[in-house]
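Here's the structure, in structure tokens; my notes come after.
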Amino acid sequence: MSDKLPDLIDPLMLAERRAVFNGVINVTALERLSDFVADSDGVVNVDAVFAKQGKRAVVSGSIKTQLKLECQSCLQDFPWPIDVHFKLAVVSSLQETDKLEIDAEPLLFDGEKLSFNSLIEDEILLALPDYPRHDYDCITRRSSQDRDYETQTTRSEADNPFSVLAKLKKTGE
Ligand SMILES: [Zn+2]
Numbered sequence: 001m002s003d004k005l006p007d008l009i010d011p012l013m014l015a016e017r018r019a020v021f022n023g024v025i026n027v028t029a030l031e032r033l034s035d036f037v038a039d040s041d042g043v044v045n046v047d048a049v050f051a052k053q054g055k056r057a058v059v060s061g062s063i064k065t066q067l068k069l070e071c072q073s074c075l076q077d078f079p080w081p082i083d084v085h086f087k088l089a090v091v092s093s094l095q096e097t098d099k100l101e102i103d104a105e106p107l108l109f110d111g112e113k114l115s116f117n118s119l120i121e122d123e124i125l126l127a128l129p130d131y132p133r134h135d136y137d138c139i140t141r142r143s144s145q146d147r148d149y150e151t152q153t154t155r156s157e158a159d160n161p162f163s164v165l166a167k168l169k170k171t172g173e
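Sequential numbering of the sequence shown, starting at 1, is according to our numbering.
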């Protein structure tokens, strides 16, 4: 038996219940992701299983979707399939992260309910490239006028929120 995707969750309680979820989240419901994609139509397919591993509450599952990103070179859309598996272990503090005894990413939970959508969104954002672009030379045919325009609109690493997120995640390992 699996339930509808929840929004606010208590991962400890769900792990005790061994809850299983599968369902879809509209891309439009994921605000940060919506800002990043060229087209926020479509849905994200999510499977999630809450369980205990030893005394540790863990949530694992998979995320599948097909996003449209805007190429930072030619500004045209291109498809970006997402098919990621995740395994998160619930920790109550950053100190606990250092002594995590199982092979999983830490999921900080302070006892308040946390947003399941936001958790899924973080995993998707980490699977996106810092600089979305075609994997071939797509601008050869562009005019110099267009290239001037690109220079103004290309994101720099400093203001790319996802490279920051990726760094945060790394330091938590
Ligand atoms: Zn391109």
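Using N, Cα and C, we set each Cβ at its ideal position, and we do this for glycine too.
Please read these numbers as outputs of a predicted model, since none were measured by experiment.
- Counting along the chain, Ser-60 sits inside the beta strand (DSSP E) bounded by residues 56 to 70.
- For Pro-11, the secondary structure class from DSSP, reduced to helix, strand or coil, is helix.
- When rounded, the separation of the alpha-carbon atoms in Glu-121 and Lys-64 is 12 angstroms.
- Within the same chain, Cβ atoms closer than 6 angstroms to the Cβ of Ala-127 are found at Ile-82, Val-84, the five residues on either side in sequence being excluded.
- Counting along the chain, the unbroken beta strand (DSSP E) around Phe-21 starts and ends at 20 to 26.
- Lys-68 is a Cβ neighbour of Pro-79, given a cutoff of 8 angstroms.
- Per DSSP, Gln-95 lies in no beta strand (DSSP E) segment; the continuous alpha helix (DSSP H) that holds it begins and ends at 94 to 98.
- Pro-11 and Arg-56 have their C-alpha atoms roughly 11 angstroms apart.
- Between Ser-93 and Leu-30, the alpha-carbon positions lie close to 26 angstroms from each other.
- Between Leu-100 and Ala-51, the alpha-carbon positions lie close to 16 angstroms from each other.
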